[in-house]
Amino acid sequence: MNILIVGPSWVGDMVMAQTLFQCLKQRHPQCEIDVLAPEWSRPILERMPEVRKALSFPLGHGALELATRRKIGKSLKGQYDQAILLPNSLKSALVPFFAGIAKRTGWLGEFRYGLLNDVRKLDKERYPLMIERFMALAYEPGADLPKPYPRPDLQIDPQSRDAALTKFGLALDRPVLALCPGAEFGESKRWPSEHYAKVAEQKIREGWQVWLFGSKNDHAVGEDIRSRLIPGLREESVNLSGETSLAEAIDLLSCADAVVSNDSGLMHVAAALNRPLVAVYGSTSPGFTPPLADKVEIVRLGLECSPCFDRTCRFGHYNCLRELMPQPVVEALQRLQGSPVEVH
């Protein structure tokens, strides 16, 4: 049985989609799973043993380009028994339709009748978590999801990890605190730089080193955090934001003894690597997409105005993050702190 998954467009969602792949493998041990997704997601999919192939989808988020979708669909004809769509958009249903895949499964979304022939109506109260909405598509409509739920579990190749350590001149002679201060979603998910710097200072004084992760857009934030460390401490930190590929970031994150992150894609990557994780929440809620790992501490103030899920603060004060001081995060790290990770 060959199954085509039309994957989501965000890092965190792609990580959480592994729960669906795990459920499909449990139900159909011999099935082969290919994922049609943006090229950036390849490093994530390559670290999921359930996935046979990552198929690069060349169109940007939101682009219709009907002719291109038809061409991709035609190229996949006769290869799959089922397609499962994770996005709810009409556009995402076009490739499986043009491919003539016999069973096309997805949640009822933007006028997809006809494009899908296994349409599910979502009961949000029954499936409050995003992973439940993904996993349910592996089963018959109305089926109970087996518990305990599977968790994302990215697999790291030691040679690939060692190559990344060498490339960036990093050593594991001291415990590593990874900081992920960015958030593509917007300012309302970003814990302030000065708070991150206080946490970094505390851990460096305890003998740790600090690695900062993120995209090119987060490089300036990383520099801001480092600039707040006094000389002598600053040298124990390195800003990798925008310097690494996503593949290198995943491999290097796997070396972390602890991670502090905003609610972001890298938060889900850290959880899927089973790193001890402190997740800082402001405008969003862990009730829909919590980090899924054994050692997780969630720190949030829970102000009356949050969660608002707005990209920018409607009141302009961002108090849900600004008033969340470094001390609760430092204390959460202490609770999580085990022995340093051993890398052979």
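Throughout, the working numbering is defined as the position within the sequence shown, counted from one, plus 15. We put the beta carbon where it would ideally sit given N, CA and C, even for glycine.
If only complete runs of 4 or more residues are kept, the stretch 43 to 85 shows the alpha helix (DSSP H) at 57 to 60, in order along the chain.
Per the DSSP secondary-structure output, Ala273 pairs in a beta bridge with Leu192.
For Ile219, there is no enclosing beta strand (DSSP E); the enclosing alpha helix (DSSP H) has its first and last residue at 208 to 220. Counting along the chain, Asp177 sits inside the alpha helix (DSSP H) bounded by residues 173 to 182. Assignment of Gln97 by DSSP, reduced to helix, strand and coil, places it in the strand class.
Bridge pairing for Asp133: Thr120 [DSSP].
Cβ contact annotation for Thr120 (same chain, cutoff 6 Å, sequence separation greater than five): Ile99, Asp133, Leu152, in chain order.
Residue pairing by DSSP places Ser252 opposite Val225 in a beta bridge. With respect to the 7 Å criterion, Glu312 and Ala286 are not classified as neighbours on the basis of their beta carbons. About 6 Å separates the beta carbons of Arg67 and Asp49, which is inside the 8 Å limit, making them a contact pair. Sequence-distant Cβ neighbours of Gly22 in its own chain, meaning closer than 7 Å and more than five residues away, are Met29, Ala32, Val50, Leu51, Ala52, Ser56, Leu101. The C-alpha of Leu130 lies about 13 Å from the C-alpha of Arg85. Here Lys162 is exposed. Its C-beta has fewer than 16 other C-beta atoms within 10 Å. Beta-bridge annotation (DSSP): Val110 is not paired with any residue.
The stretch 300 to 318 makes contact with the stretch 277 to 286, as at least three CB pairs between them are under 8 Å. A distance below 7 Å separates the beta carbons of Asp278 and Tyr296. In the three-state reduction of the DSSP assignment, Leu187 falls in the coil class. For the pair Ala69 and Leu60, the Cα-to-Cα distance works out to about 6 Å. Phe183 and Arg220 have their C-alpha atoms spaced approximately 23 Å apart.
CA-CA distance, Phe112 to Glu338, rounds to 50 Å. In this structure, the beta-carbon distance from Arg243 to Ala212 falls below 7 Å.
If you draw a 10 Å sphere on the C-beta of Asp272, you find 16 or more other C-beta atoms in it, and that means buried.
For Met16 and Gln45, the gap between their C-alpha atoms comes out near 7 Å. The beta-carbon separation of Val214 and Val275, rounded to 6 Å, stays under the 8 Å limit for a contact. When Pro58, Lys136, Leu248 are compared, the shortest CA-CA separation from Arg176 is found for Pro58. Taking C-beta atoms as the reference points, Met150 and Leu35 count as a pair closer than 7 Å. A distance below 6 Å between beta-carbons, with the five flanking residues on each side excluded, links Lys218 to the following residues of its chain, in chain order: Leu192. Residue pairing for Val311: DSSP places it in a beta bridge opposite Leu292. In the three-state scheme derived from DSSP, where H, G and I count as helix and E and B as strand, Asn17 is classed as strand. At a Cβ-Cβ threshold of 7 Å, Asp266 and Ala179 count as neighbours. The beta-carbon distance between Arg62 and Leu187, rounded to whole angstroms, is 20 Å. This is too long to meet the 8 Å contact definition. Per DSSP, the beta-bridge partners of Tyr128 are Leu131. Distance between Ser321 and Leu292, taken at the CA atoms: about 22 Å.
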